[in-house]
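Throughout the sequence shown, residue numbering follows full-length UniProt numbering, covering 1 to 64 in sequence. Glycine is no exception: its CB is placed at the ideal position from the N, C-alpha and C atoms. Remember, predicted model here, so these are calculated numbers, not experimental data. Working notes, structure below.
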Amino acid sequence: MIGKSLIDSVHELAAEISEQNARIRELTAQAASVLKQPRPDTFLGRKTHEPFPKEQDFRTGVTD
């Protein structure tokens, strides 16, 4: 026969499908790990750290 046989073509397609399935499994696992993380806190008014101490104005000696 000239070219590939039908069996060879089917074998190559099955190999491609297997590779794509493996990639989808990896992406699904990554997405699941991201979704397991807690939701980010987007409240802008929440204090998550202590503010810097107020600096003294060296010209006037006044603390802000």
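- In this structure, the alpha-carbon of D41 lies about 15 angstroms from that of V34.
- A22 has its alpha-carbon roughly 15 angstroms from the corresponding atom of E12.
- Per DSSP, the continuous alpha helix (DSSP H) segment holding T28 begins and ends at 6 to 36.
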